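Chains as they are written, first to last, in our numbering: chain C, 1 to 114; chain R, 115 to 227.
No residue lacks a Cβ here, since even glycine has one placed at the ideal position from N, Cα and C.
Given the structure is predicted, the values throughout are model-derived calculations rather than measurements.
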């Protein structure tokens, strides 16, 4: 596709359930990022994948959060045993090489935990 | 660790007035600096970036920013704003050898007629 694609666009889940959020980066982009945007707040870094290097997971808020990137392309962010404080917009971005190249953002997945 | 401070959470201005959105960063190493814009109900898009070289950077839609190393600032400016510039603006920094892009909390620019 022409841009970064995220699915679903909206997700409502019950507290305690697991959710999976998907990101399809721009073809050929080696770097992929996940961020979280809560209401009235900035973007919180979650995790960064760059090529075949070990991902930078230092932003994941708890061990309930994990992410994978298969085949250097599609990424899945998994949140286990969701809590109400996990409600936010989860943004995925990709870039051609890394930090010195423009990051292209998807439209995000709005997660609501009820 | 790097950090970004956007000094104003909301900036209301009248159409055709000049505007400056302030951004200060903290880092102990060389940095790259970015401004992103998020229009209502849309994703983020890059306005401009500073990697090296000239400290005055020009971006899309008539915006520009100046990197000031001594003041650790990267303020965004536009000489004459339009209603369509109403959006959330995010300043971001990455360390040249780092792996994360750190964002400020955003500045809501509202342009009134």
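What three-state label does DSSP hand residue i in the structure shown?
i	result
residue 85 of chain C	helix
residue 199 of chain R	helix
residue 214 of chain R	coil
residue 126 of chain R	strand
residue 189 of chain R	strand
residue 115 of chain R	coil
residue 30 of chain C	coil
Taking the straight line between their C-alpha atoms, what separation do you get for residue i and residue j?
i	j	result
residue 61 of chain C	residue 87 of chain C	13 Å
residue 220 of chain R	residue 121 of chain R	9 Å
residue 187 of chain C	residue 131 of chain R	Beyond the ends of chain C as shown, which are 1 and 114, falls residue 187 of chain C; an answer cannot be given.
residue 208 of chain R	residue 178 of chain R	19 Å
residue 214 of chain R	residue 152 of chain R	19 Å
residue 136 of chain R	residue 202 of chain R	13 Å
residue 51 of chain C	residue 96 of chain C	10 Å
residue 46 of chain C	residue 194 of chain R	36 Å
residue 7 of chain C	residue 176 of chain R	33 Å
residue 83 of chain C	residue 34 of chain C	19 Å
Quick check: is the beta carbon of residue i nearer than 8 Å to any beta carbon in chain C?
i	result
residue 186 of chain R	no
residue 215 of chain R	yes
residue 139 of chain R	no
residue 181 of chain R	no
residue 128 of chain R	no
residue 219 of chain R	yes
residue 146 of chain R	yes
Identify the residues that DSSP records as bridge partners of residue i: which are they?
i	result
residue 5 of chain C	C/24
residue 207 of chain R	R/147 and R/216
residue 11 of chain C	C/111
residue 121 of chain R	In DSSP, residue 121 of chain R forms no bridge with anything.
Taking 8 Å as the threshold (beta carbon to beta carbon), is residue i in contact with chain R?
i	result
residue 85 of chain C	no
residue 108 of chain C	yes
residue 100 of chain C	yes
residue 65 of chain C	no
residue 97 of chain C	no
residue 88 of chain C	no
residue 56 of chain C	yes
residue 2 of chain C	no
Within the stretch 136-180 of chain R, note down every full beta strand (DSSP E) run reaching 3 residues or more, in order along the chain.
-> The qualifying runs are 137-140, 145-152, 158-164 and 170-172.
In chain order, which continuous runs of the beta strand (DSSP E) of length 3 or greater are located wholly inside the stretch 39-103 of chain C?
-> Here the runs fully enclosed are 43-50, 65-69, 75-79 and 88-95.
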